[in-house]
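Counting from 5, one number per residue, gives the positions in the sequence shown under our numbering.
Just so you know, even glycine gets a beta-carbon here, dropped at the ideal spot from N, CA and C.
Have a look at the structure below, then the notes.
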Amino acid sequence: MADRGFLDQGSNVSKAKTSTRWDLTARVLAAILGGYAAAYAATAFLSVYLPLMRSDRVVFASLACFVVYTFAIIYAFAARSALRVWLVLAGATALMALAAYLPSDFGVRP
5 MADRGFLDQG SNVSKAKTST RWDLTARVLA AILGGYAAAY AATAFLSVYL PLMRSDRVVF
65 ASLACFVVYT FAIIYAFAAR SALRVWLVLA GATALMALAA YLPSDFGVRP
C-alpha cells in the first residue's frame with residue numbers, strides 16, 4: 005500500500021467532532037445570560053461577605069463582577085460541552101445567590 009502522507013492527516017480532521025449550530029447557540033446564550041447571572045450573583049455575594057466597609061465592599065464587588073463575567077464567557081467556549089457550561093454556571097450562580105440572600109434570621113450573614 006502506498007504511503008499517502010498528507011492525505012492521511014486530513015482524514016483525522018474529518019473525524020474530529022465539529023460544533024453544531026445548536027451547540028454554538030447554547031454556548032453563546034450561556035456566555036451572555038449565564039455569565040450575566042453569575043456576575044450578578046457574585047456582586048451580591050461579595051457585597052455581603054467581603055470584610056471591608058460597606059461602600060468599599062460594593063465598589064470592589066462591582067469591579068470584580070467584570071472579572072466573573074469575563075471568566076464565564078471564556079469558560080463557555082473552553083468547556084467540553086454546552087451542558088457542562090450551563091450546569092457549572094447555574095450551580096455557581098445558585099450557590100452565590102443563595103448565600104447572598106439568605107435571611108439574617110439564620111445567622112449566616114455578617
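6 Å CB neighbourhood of residue i in its chain, flanking five on each side removed
i	result
residue 100	45, 46, 49
residue 30	86
residue 41	97
residue 39	73, 76, 77
residue 104	48, 49, 52
Cβ neighbour criterion (16 or more within 10 Å) applied to residue i
i	result
residue 89	buried
residue 93	buried
residue 95	exposed
residue 98	exposed
residue 79	buried
Beta-carbon proximity list for residue i, same chain, < 8 Å, skipping 5 on both sides
i	result
residue 81	31, 35
residue 62	51
Proximity test, Cβ basis, 7 Å: residue i and chain C
i	result
residue 104	Annotation note: the requested chain C is absent from the structure, which comprises a single protein chain.
Chain-order list of residues whose beta-carbon lies under 7 Å from that of residue i (same chain, five-residue window excluded)
i	result
residue 65	47, 50, 51, 54
Residue i Cβ short of 6 Å to the ligand MG heavy atom set
i	result
residue 51	The model on display carries no ligand, and the ligand MG is accordingly not part of it.
- Query: What are the start and end residues of each continuous alpha helix (DSSP H) run of 4 or more residues lying completely inside the segment 19-100, in chain order?
  - Reply: 25-33, 39-53, 58-82
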